[in-house]
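Contents: one structure, followed by commentary.
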Amino acid sequence: MEKYDRSILHVDMNAFFAAVEQHDNPRLRGKPVIVCGDPEGRSVVSTASYEARPFGIKAGMPVTQAKLLCPEGIFIKGDIQKYVRVSLKIVDIYKSFTPLVEPFSIDEAFLDVTGCDKLFGSPVDIARLIKARIRKELGLTCSIGIGPNKLLSKMASDFQKPDGLVVIKREEIPDKIWILPVRNLIGVGEKTEKALHSLGINTIGDLARYPVEFLECKFGIMGRALHLMALGIDHSPVQPSGLPVKSISHEYTLPRDTANQDILKAHIIRLSGEVGRRLRKGGYVGKTIVLKLRYEDFITITRSETLGDFTDCDKVIYQKAWGIFLRSWQCWRKVRLIGVGISNLIEKERFQRQLSLFDDYAKQAAIDRAVDSIRDRFGGDAIMRAGCWFSRRTCGLANSNDETTPGVSL
Numbered sequence: 024m025e026k027y028d029r030s031i032l033h034v035d036m037n038a039f040f041a042a043v044e045q046h047d048n049p050r051l052r053g054k055p056v057i058v059c060g061d062p063e064g065r066s067v068v069s070t071a072s073y074e075a076r077p078f079g080i081k082a083g084m085p086v087t088q089a090k091l092l093c094p095e096g097i098f099i100k101g102d103i104q105k106y107v108r109v110s111l112k113i114v115d116i117y118k119s120f121t122p123l124v125e126p127f128s129i130d131e132a133f134l135d136v137t138g139c140d141k142l143f144g145s146p147v148d149i150a151r152l153i154k155a156r157i158r159k160e161l162g163l164t165c166s167i168g169i170g171p172n173k174l175l176s177k178m179a180s181d182f183q184k185p186d187g188l189v190v191i192k193r194e195e196i197p198d199k200i201w202i203l204p205v206r207n208l209i210g211v212g213e214k215t216e217k218a219l220h221s222l223g224i225n226t227i228g229d230l231a232r233y234p235v236e237f238l239e240c241k242f243g244i245m246g247r248a249l250h251l252m253a254l255g256i257d258h259s260p261v262q263p264s265g266l267p268v269k270s271i272s273h274e275y276t277l278p279r280d281t282a283n284q285d286i287l288k289a290h291i292i293r294l295s296g297e298v299g300r301r302l303r304k305g306g307y308v309g310k311t312i313v314l315k316l317r318y319e320d321f322i323t324i325t326r327s328e329t330l331g332d333f334t335d336c337d338k339v340i341y342q343k344a345w346g347i348f349l350r351s352w353q354c355w356r357k358v359r360l361i362g363v364g365i366s367n368l369i370e371k372e373r374f375q376r377q378l379s380l381f382d383d384y385a386k387q388a389a390i391d392r393a394v395d396s397i398r399d400r401f402g403g404d405a406i407m408r409a410g411c412w413f414s415r416r417t418c419g420l421a422n423s424n425d426e427t428t429p430g431v432s433l
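The opening position of the sequence shown corresponds to residue 24 in my numbering, with each subsequent residue numbered one higher.
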């Protein structure tokens, strides 16, 4: 058992992207709103409003399928920058109650309000105040879970949506948590669920009662972690950060599935440039390059490799992403979507590197800054690498400003 209990809130904004769109456009309220990458292209659903969910619309679903399920749905191209701005305003509300705020994603956060009762009342009082301010100032709703640790507070926030407020106390774990299917436990995906079922583990209670040494034999160190979570034990602290961004990415749904290596290479070049540009604009450098491929059958793979040093250089990002691609791509399979990202970020001012006028990094950095300046002034297509230009001329590559979906993890 944990040595002491804290008061942790997990705040989850309800259907965040769609809710922001409905707030900004009153005509969308009460209607099925589906936010996606490109309503007319081959992108996927990012968020569906609660009015759209009874039709079976889910995040990650192809837009074409969503339109068949919900013909009257209103499909909107997402605006990630707008959502980030709203997210930062929400975080400011959290920080008016406690400095211990850990953004978990663009629409989720953990708050440690231990010891804040003398200022704002009980954790339930604080949750109600937060909900009221978010509704009044931003016109949005959220679900809040309260528990003695991050694990239980996050599970509690899923109990009642939308606009819920649920408390889980440690002594309530057997009655509220152990009765749930094991798939409800954080970190249990489809493969892990099947493996647990093969052991006769169907509920979280089954997992809590299962001998931990057998779980370790089956799952390694993850077995012990699963057992601790089933018991409701989580020692991880709420880690506040002045830099909530954890990763930056761009992905693109191709107009047509393709196995043409030249076209795919051109997209990796372009996406790497977009990622590098956003790194420099945000003042970050990163170390782990991520490549995402979605094949024509919607099977998606994500691969990552870590560089020897931090970077914000387009060329370095591209070279690593291209290397990952060559090692991962099954060349006989057509690709539907491709994405490039970078994680393991730090502020650039914290990144100290000895440079000289003859250093390749310094030369490439100067080139990247010049390209950024031209694109900021004349648009994304004003200047491009030869590989992108060639593919556009010979293979019909789309404009660099079209249908590219930026991603940010907070």
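From the three backbone atoms N, C-alpha and C, an ideal C-beta is built for every residue, glycine too.
This structure is a prediction, so every number in the text was calculated from the model and none was measured.
| Asked | Found |
| --- | --- |
| Classification of Gly243 by the beta-carbon crowding that lies within 10 angstroms, buried from 16 upward | exposed |
| CB contact flag (Val56, Tyr106, <8 Å) | no |
| Three-way DSSP call (helix, strand, coil) for Cys93 in this model | coil |
| Local conformation of His258 per DSSP, three classes | coil |
| Backbone CA spacing between Gln353 and Arg50 [nearest angstrom] | 46 Å |
| Touching by the beta-carbon criterion (3+ pairs, under 8 Å), the segment 279–293 and the segment 322–334 | no |
| Residue ranges of each beta strand (DSSP E) within the segment 164–206, 3 or longer | 165–170, 188–190 |
| Inter-stretch contact at 8 Å, needing at least 3 Cβ pairs: the segment 352–368 / the segment 297–316 | yes |
| 4-residue-minimum alpha helix (DSSP H) runs that sit fully inside the segment 65–115, ordered along the chain | 86–92 |
| Glu131 and Asp35 closer than 8 Å at C-beta | yes |
| Where Leu208 sits in the DSSP three-state scheme | coil |
| Rounded straight-line distance, which links the Cα of Asp148 to that of Leu314 | 44 Å |
| Paired residues, beta bridge with Lys315 - DSSP | Thr325, Gly362 |
| Own chain partners of Arg193 with C-beta closer than 6 Å, once the 5 adjacent residues on each side are dropped | Pro171 |
| Whole-number beta carbon distance between Thr276 and Asp61, since they are thought to touch under 8 Å | 7 Å |
| For Ile347 and Leu302, the rounded distance between their alpha carbons | 20 Å |
| His271, enclosing beta strand (DSSP E) - first and last residue | In the sequence as presented, His is not what sits at residue 271; that position holds Ile. That run of the beta strand (DSSP E) goes 270–281. |
| Extent of the continuous beta strand (DSSP E) to which Cys59 belongs | 56–59 |
| Contacting residues, own chain, Cβ-Cβ under 6 Å from Gly96 (five flanking each side not counted) | Pro55, Ile57, Ala75 |
| Endpoints, beta strand (DSSP E) assigned at Leu134 | 131–135 |
| Three-state class that DSSP yields for Asn37 in the structure shown | coil |
| Burial state of Lys214 (16 or more Cβ within 10 Å) | exposed |
| Of the residues Ala89, Arg359, Ser180, Arg293, the one placed nearest Val339, counting alpha carbons only | Arg293 |
| Distance CB(Ser176)-CB(Phe120) smaller than 8 Å | no |
| Whole-angstrom distance between Val235 and Pro204, CA atom to CA atom | 19 Å |
| Option in Gly187, Glu216, Gly255 with minimal Cα separation from Lys199 | Gly255 |
| Asp216 to Leu230 span [Cα, whole Å] | First, the amino acid is wrong: residue 216 is Glu here, not Asp. Going from the Cα of Glu216 to the Cα of Leu230 covers about 11 Å. |
| Where Thr70 falls, given that 16 or more other Cβ within 10 Å makes a residue buried | buried |
| Assigned secondary structure, Glu239 (DSSP; H/G/I helix, E/B strand, else coil) | helix |
| Neighbourhood of Ile80 by C-beta distance below 8 Å, restricted to the same chain and skipping five residues each side | Pro55, Ile57, Val68, Ala71, Ala89, Leu92, Cys93, Gly96 |
| Asp140 and Thr164 closer than 8 Å at C-beta | no |
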